[in-house]
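Chains as they are written, first to last, in the numbering used here: chain L, 19 to 44; chain H, 9 to 242.
Think of the CB as a built atom: it goes at the ideal place given N, C-alpha and C, for glycine as much as any other residue.
Quick caveat: nothing in here was measured; it's all calculated off a predicted structure.
Working notes, beginning with the structure itself.
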């Protein structure tokens, strides 16, 4: 279950950066 | 039997401490990323006209932040008896709800790339399986417990029997397996649609969808596979 402690924040980081990059080029 | 119980209690306390350390490390990473991307957030989303993407972005950004801030704040409170039940369940509920905007973003990407509602719906449904699984685990199998010993603090712990525990491993397989399947579908759609159009420069929309989509897929595939393997192994 310790993996979850990293995978959830990492998922949030990846998605927010993805959205920021998309918004920046849109 | 008493010695075995003591060993079990120490192991449980030890796993709670390890989880808290890992959680705090994850929070610091998220906070660091939040601070360095905050100027970009202000430029891209605060000043722009609000759209569905804006709502999805703020939900993703601040649901995770509120989970961490609440967990951090609760770290300073000593819960005795069963007083931790409502606050802990509340944090776990918000933590589970993080998967909803993530699933929404995946479904939107699938729809934008394929223009196929069925495909997009399948990606959404596969991506929200962890929500159902986590809620069942949280409200059916997790019960309050007061661990005796040095802390004597209230905690929420799994109370399932060994037989049910095997069932819970199937839950993890279903939850992580569906996430991997949804990500795999998305990456296939992305590559099938965009590889022929990758001629765009580094700042193009297509380039970002391909680059970030692939990075996202690889990172999450590694993490979901690790989570799955550790759960099955334990």
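- prompt: Using the beta-carbon of each residue, which ones in chain L are nearer than 7 Å to residue 216 of chain H?
  reply: 39, 40 and 43
message: Please list, in chain order, the residues of the region 45–76 of chain H that have any C-beta partner in chain L closer than 9 Å.
response: 45, 48, 49, 51, 52, 53, 56, 61, 62, 64, 65, 68, 69, 71, 72, 73, 75 and 76
message: Let's test the definition: count the other Cβ atoms within 10 Å of the Cβ of residue 17 of chain H and tell me whether it reaches 16, buried, or not, exposed.
response: exposed
query: With a cut-off of 7 Å, does the C-beta of residue 110 of chain H fall near any C-beta of chain L?
result: yes
- prompt: Of all the residues that make up the region 221–236 of chain H, which are near chain L by a beta-carbon distance shorter than 8 Å?
  reply: 221, 223, 224, 227, 228, 231, 232, 234 and 235
Proximity of residue 39 of chain H and residue 96 of chain H at Cβ, strictly below 7 Å: no
field: With 16 other Cβ atoms within 10 Å as the buried cut-off, status of residue 114 of chain H
entry: buried
message: Quick test of your reading: residue 139 of chain H and residue 86 of chain H, contact by CB under 8 Å. State the CB separation rounded to the nearest angstrom.
response: The Cβ separation is near 31 Å, so there is no contact.
- prompt: Straight-line CA distance for residue 137 of chain H to residue 188 of chain H?
  reply: 11 Å
- prompt: Helix, strand or coil: how does DSSP classify residue 55 of chain H here?
  reply: coil
query: By Cβ distance, which residues of its chain are closer than 7 Å to residue 143 of chain H, with the 5 residues on each side in sequence left out?
result: 104
- prompt: What are the partner residues of residue 152 of chain H, as DSSP defines its beta bridges?
  reply: H/164
query: Just checking, does the region 122–135 of chain H make contact with the region 19–27 of chain L on the three C-beta pairs under 8 Å criterion?
result: no
field: Cβ distance (whole Å) where residue 30 of chain H is taken to contact residue 20 of chain L below 8 Å
entry: 4 Å
query: Below 8 Å, can you find three or more Cβ-Cβ pairs linking the region 188–202 of chain H to the region 227–237 of chain H?
result: yes
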